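One structure is given here, and the rest of the page talks about it.
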Amino acid sequence: MYVSTRLPVLAAAVLAVSAASLSAPPASAELRHAVAARGTAQPQGPKGIGTFEDWTAATYDEAGQPICYAFVRASNSVPAIPGRPKGVLTVTERPNSRDSVAISAGFRYAQGAEVTVQIEQSAFRFYTAGSSAFARDGAAAVAAFQKGRQVVARSPGPRGATITDTFSLRGFSQAYQAITRACSR
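Its first residue numbered 3, the sequence shown is counted upward by one per residue in the numbering used here.
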């Protein structure tokens, strides 16, 4: 099993789907400072579960509870925006919140913006907060992911441009099974 060095970098992407906050995640240095200021122990980094074709699965503890997630980076983004990191599609399992689906865009959305997500014949509208977009019905999105080959997300981007990010679903079903096993109820 190969555990990528991407895990620490993408831990911030998982924080984007935190049930406690729908704002953009703090930078890792800010997070460490905030945790230290509260006088609590620093959170442990993510632990890799495995890489499943294009998807990576990992887990970490948050307030003593296991959080499991699987993610993939965009395989294609049009138009390219200089300095923008690749978008990240994440599915997260928490003890009291299953099938949370989010896209970290790498830019801030305008207030009230929606992202259109297409998986084969299924279409979903994700709501946005900060630089993340969230599925209203994560279970339905996950069901479509298991049957599809790719996700195409169309977002209102900076300066009025429509940004199209394409995410592979190769390995999603195996990654999803791994995170649901690791974070079973």
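Quick reminder that beta carbons are idealized off the backbone N, C-alpha and C, glycines included.
Since the structure is predicted, the reported quantities are computational estimates derived from the model, not experimental observations.
Taking Ala155 as the centre and dropping the five residues before and after it, the same chain places the C-beta of Ile105, Val117, Val119 and Asp167 closer than 6 angstroms to its C-beta, in chain order. Take Ala59, set aside five residues on each side of it, and the residues of its chain with a beta-carbon closer than 6 angstroms to its own are Ile51, Gly52, Ala72, Ala177, Ala180 and Ile181, in chain order. The segment 134-143 makes no contact with the segment 160-175: fewer than 3 CB pairs, one atom from each, lie closer than 8 angstroms.
Tyr71 has Ala60 and Thr94 as its beta-bridge partners, per DSSP. In the structure shown, the three-state DSSP call for Pro160 is helix. 8 angstroms or more divides the Cβ of Gln148 from the Cβ of Phe126. As DSSP reads the structure, Lys88 sits in no beta bridge.
In summary, Asp63 is exposed, with fewer than 16 beta-carbon neighbours lying within 10 Å of its beta-carbon over all protein chains present.
Residue Pro97 holds the alpha-carbon nearest to the alpha-carbon of Gly66 among Ala145, Ala107, Pro97 and Leu171.
In summary, Arg151 is exposed, with fewer than 16 beta-carbon neighbours lying within 10 Å of its beta-carbon over all protein chains present.
Rounded to the nearest angstrom, the gap between the Cα atoms of Ser79 and Ser170 is 12 angstroms. Residue pairing by DSSP places Gln120 opposite Ala125 and Val154 in a beta bridge.
For Ile181, the uninterrupted alpha helix (DSSP H) segment begins and ends at Phe174 to Ala184.
Per DSSP, the unbroken alpha helix (DSSP H) holding Gly140 starts and ends at Gly140 to Lys149. Under a 10 Å Cβ-count criterion, Pro48 is classified as buried, with 16 or more other Cβ atoms of the shown protein chains found around its own Cβ. With respect to the 8 angstroms criterion, Ala107 and Gly89 are classified as neighbours on the basis of their beta carbons. Residue state for Ile83 is assigned as coil, using DSSP reduced to three classes. Here the alpha carbons of Ala82 and Ile165 stand approximately 8 angstroms from one another.
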